[in-house]
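Position 176 of the sequence shown, counting from 1, maps to 176 under the UniProt record's numbering, and the rest follow consecutively.
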Amino acid sequence: MLNDLKGKKVIDDYKKIIEDKNEDINAVISQDIVYGNSNGDYYGIPFLVKDNINILNTSMTCSSKILKDYRSVYTATVVERLINRGFSVIGKTNMDEFAMGGTNEYSVYGPVKNPLDLNRVSGGSSGGSAAAVSCGMVPFALGSDTGGSVRQPASFCGVVGFKPSYGVLSRYGLTAFGSSLDQIGVLAKDVFDVALITDIMKGKDEKDSTTISFEENLMEYLNKDFSDIKIAIPSIVYDKIQNENVKKAFDNAVNKIKANKVTIDIVDIPEMEYSVAAYYIIAPSEASSNLSRFDGARYGNRIDGEGLTDMYKNTRNNGFGIEVKRRILMGTFTLSSAYYDAYFSKAMKVRNLIKTKIEEIFKEYDFILTPTAPVLPPKFDEKLSPLDRYLMDIFTIPANFAGTPAISVPFGNIDHLSFGIQFMGRRLEDAKLLGFANQIF
Ligand code: GLN
1 MLNDLKGKKV IDDYKKIIED KNEDINAVIS QDIVYGNSNG DYYGIPFLVK DNINILNTSM
61 TCSSKILKDY RSVYTATVVE RLINRGFSVI GKTNMDEFAM GGTNEYSVYG PVKNPLDLNR
121 VSGGSSGGSA AAVSCGMVPF ALGSDTGGSV RQPASFCGVV GFKPSYGVLS RYGLTAFGSS
181 LDQIGVLAKD VFDVALITDI MKGKDEKDST TISFEENLME YLNKDFSDIK IAIPSIVYDK
241 IQNENVKKAF DNAVNKIKAN KVTIDIVDIP EMEYSVAAYY IIAPSEASSN LSRFDGARYG
301 NRIDGEGLTD MYKNTRNNGF GIEVKRRILM GTFTLSSAYY DAYFSKAMKV RNLIKTKIEE
361 IFKEYDFILT PTAPVLPPKF DEKLSPLDRY LMDIFTIPAN FAGTPAISVP FGNIDHLSFG
421 IQFMGRRLED AKLLGFANQI F
């Protein structure tokens, strides 16, 4: 799709679609424009950026009250690389506050509606980016993925969502949530566009020491013919799918993929059972530390009080929403000296076990296949507990733990909704993963 748009000035056409649809969908929360380099080969083509990624002189709120008036003082490396090639930013997308959530209901701007069914959530935390691409507001958008936040909303909204291997994309300019897990990712209508955008953004950045130089050209793999591919499905998938329709859709998908002359085996990765528990210790722990910078002195809206401690309390109490507070409390507890060994250090051991087991599976298999989420996008009036929400991440978290690439592709429908499957690939074999996903998509 992007190559068809090359050379055309389509920014205004897309802005018109945002104008028409955003009142219903609520995907876009600010519309500062940053034009791309007019000599770039993609000049005239717009994209949207999740509102936890900095772009100089534009609004960045992380969908939080605490940053409501904040404007960025620098630009994320990945955005800069896209701008250099001509792409223009036309706004920022709604998200769960500080990327904590899976339904986009935790936003100070209100929830994002799923374009495929307005009574259902778009998924999260990059729900605004997924919904915007799904209903044609932009050809592609950026999101961030700490435990599934690019792949799960992509699956709920019927688009492609890709989280590269940890280190392929610079995190410079991304507001940190769980730094050892966070990766920026791309949402688009097809695998081709995801590869094209990732190719432009990828690689070493001296401003993020965790980046790696990644020379492989992702686009080159798109038309390769993959044969003798071996795919593993963790048996736990069949215990954890919570919905009969999802089970059927997954079985259908597996049968169709088998027609591509691949071997599919069911394997045991019992450790995956504990990924949610470990993630909801590790991610809040890292978050509680990362979010300590929002203190009313350095960033964001300050609410004064009697003395410094009072000011901190007022600012943070008033500025953070319920889920962010819950995570900060959990994370502060699990990192405290009395409980560190019992929780944080154990969770890190579990993370390592899961990572090691996944690496073992990848000695024999090329990909691990699961549904992207065990459920259909919930309706807004379903009363989900925090635990119900956390359990939706069971299939997406392992890729963040292991730093492997993973992609969600739409693969069939359940009534009027879309069903997404996830392929996880070997670490740094991003090109092969995208190539194979393109072959079967
Ligand atoms: N749903 C997960 C969470 O709430 C994942 C979030 C993410 O990937 N940013 O933490």
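Even for Gly, the Cβ is constructed at its ideal location relative to N, Cα and C.
**Report entry** Inter-residue Cα distance where the pair is N290 and F250
**Finding:** The residue given as residue 290 occupies position 290 in the sequence shown. The residue given as residue 250 occupies position 250 in the sequence shown. When rounded, the distance between both Cα atoms is 37 Å.
Review point. What is the rounded straight-line gap between the Cα of N94 and the Cα of K65?
Key: To locate residue 94, count along the sequence shown from 1; it is residue 94. To locate residue 65, count along the sequence shown from 1; it is residue 65. Answer to the nearest angstrom: the Cα atoms are 13 Å apart.
| query | Would you say N52 and A99 are within 7 Å of each other, going by their C-beta atoms? | reply | Translated into positions along the sequence shown, residue 52 becomes position 52. Translated into positions along the sequence shown, residue 99 becomes position 99. Contact flag set, yes.
So is the beta-carbon of D393 under 6 Å away from any non-hydrogen atom of the ligand GLN?
Reading the sequence shown from its first residue, position 393 is the one you call residue 393. Yes, Cβ of D393 sits closer than 6 Å to a heavy atom of the ligand GLN.
- Reduced DSSP category for L48 - H, G, I as helix; E, B as strand; rest coil: Within the sequence shown, the letter at position 48 stands for residue 48. Strand at L48.
### Query
If you scan the segment 342 to 397 from start to end, which runs of the beta strand (DSSP E) of 3 or more residues do you find wholly inside it?
367 to 371
Q.
I need the DSSP call for F333, collapsed to helix, strand or coil.
A. Taking the sequence shown and counting its residues from 1, one reaches residue 333 at position 333. Three-state result, F333: helix.
Discussion item. For T93, would you say it is in contact with chain D, using Cβ-to-Cβ distances shorter than 7 Å as the test?
Written reply: Absent from the structure is chain D; it holds one protein chain and no more.
query: Between S122 and the ligand GLN, is the CB less than 6 Å from at least one heavy atom?
result: Counting from 1 along the sequence shown, the entry for residue 122 is found at position 122. S122 Cβ: outside cutoff for every heavy atom of the ligand GLN.
Would E286 be called buried (16 or more neighbouring beta carbons within 10 Å of its own) or exposed?
What you label residue 286 is simply residue 286 of the sequence shown in a count that begins at 1. Under this definition E286 is a buried residue.
- Query: Near G167, what residues of its chain come up, given a Cβ to Cβ distance below 6 Å and the 5 sequence neighbours on each side ignored?
  - Reply: Residue numbering aside, residue 167 sits at position 167 when the sequence shown is read from its first letter. Counting only Cβ-Cβ distances below 6 Å, and skipping sequence neighbours, we find T210, T211 and I212.
At a threshold of 6 Å, does M100 count as lining the ligand GLN (C-beta to nearest heavy atom)? Against the sequence shown, residue 100 aligns to sequence position 100. M100: yes, Cβ under 6 Å from the ligand GLN.
*Do the segment 139 to 154 and the segment 379 to 393 touch if we need at least three Cβ pairs shorter than 8 Å?*
yes
Quiz item: Can you tell me the Cα-Cα spacing of P46 and T75, whole angstroms?
Solution: Your numbering for residue 46 matches position 46 in the sequence shown. Your numbering for residue 75 matches position 75 in the sequence shown. Approximately 17 Å between the Cα atoms of the pair.
Problem - Nearest residue (CA-CA) to D145, options K163, S179, E323 and L428 - result: As a first step, residue 145 must be located in the sequence shown, where it is residue number 145. The shortest C-alpha separation from D145 is found at K163.
Q. Closest by CA to P270, which one among E216, Q31, R351 and Y339?
A. To locate residue 270, count along the sequence shown from 1; it is residue 270. For P270, the nearest C-alpha among the options comes from R351.
Residue from Y238, G40, K261 and G305 with nearest C-alpha to P374: Looking up residue 374 in the sequence shown gives position 374. For P374, the nearest C-alpha among the options comes from Y238.
Going by DSSP, what residues sit across from F140 in a beta bridge?
For the purposes of this step, residue 140 is identified with residue 140 of the sequence shown, where counting begins at 1. Answer is A188.
- Item | Spatial distance of V79 from M201 (CA atoms) | Sequence index remark: in the sequence shown, residue 79 carries index 79 (1-based). Sequence index remark: in the sequence shown, residue 201 carries index 201 (1-based). So the two alpha carbons sit approximately 8 Å from each other.
Distance check for F156 and K189, CA to CA, integer angstroms please. As a first step, residue 189 must be located in the sequence shown, where it is residue number 189. As a first step, residue 156 must be located in the sequence shown, where it is residue number 156. Approximately 13 Å between the Cα atoms of the pair.
Problem set entry | According to DSSP, residues forming a beta bridge with A232 | In the sequence shown, residue 232 corresponds to position 232, counting from 1. Paired residues: D265 and I368.
Checklist line | L417, enclosing beta strand (DSSP E) - first and last residue | finding: Taking the first residue of the sequence shown as 1, we reach residue 417 at position 417. That run of the beta strand (DSSP E) goes L417 to G425.
Could you say if the segment 338 to 357 and the segment 111 to 129 meet the contact criterion of at least three C-beta pairs nearer than 8 Å? no
Q.
Considering Cα atoms alone, identify which of L218, S126, G127 and F140 is closest to S165.
A. Taking the sequence shown and counting its residues from 1, one reaches residue 165 at position 165. The shortest Cα separation from S165 among L218, S126, G127 and F140 belongs to L218.
E273 to I368 span [Cα, whole Å]: Walking along the sequence shown from the start, residue 273 turns up at place 273. Walking along the sequence shown from the start, residue 368 turns up at place 368. Approximately 15 Å between the Cα atoms of the pair.
For M424, count the other beta carbons within 10 Å of its own beta carbon; 16 or more makes it buried, fewer makes it exposed. Which is it?
Numbered from 1 along the sequence shown, position 424 holds the residue referred to as residue 424. M424 is buried by the Cβ-count criterion.
Would the beta-carbon of A297 be found less than 6 Å away from any heavy atom of the ligand GLN? Taking the first residue of the sequence shown as position 1, residue 297 is located at position 297. Checking the Cβ of A297 against the ligand GLN gives no.
(Q) On the DSSP letters alone, give me the boundaries of the alpha helix (DSSP H) that G101 sits inside. (A) What you label residue 101 is simply residue 101 of the sequence shown in a count that begins at 1. Per DSSP, G101 belongs to no alpha helix (DSSP H) and is neither H nor E.
Going by Cα to Cα distance, which pick from E220, T334 and E323 is closest to S63? What you label residue 63 is simply residue 63 of the sequence shown in a count that begins at 1. For the residues E220, T334 and E323, the minimum Cα distance to S63 belongs to E323.
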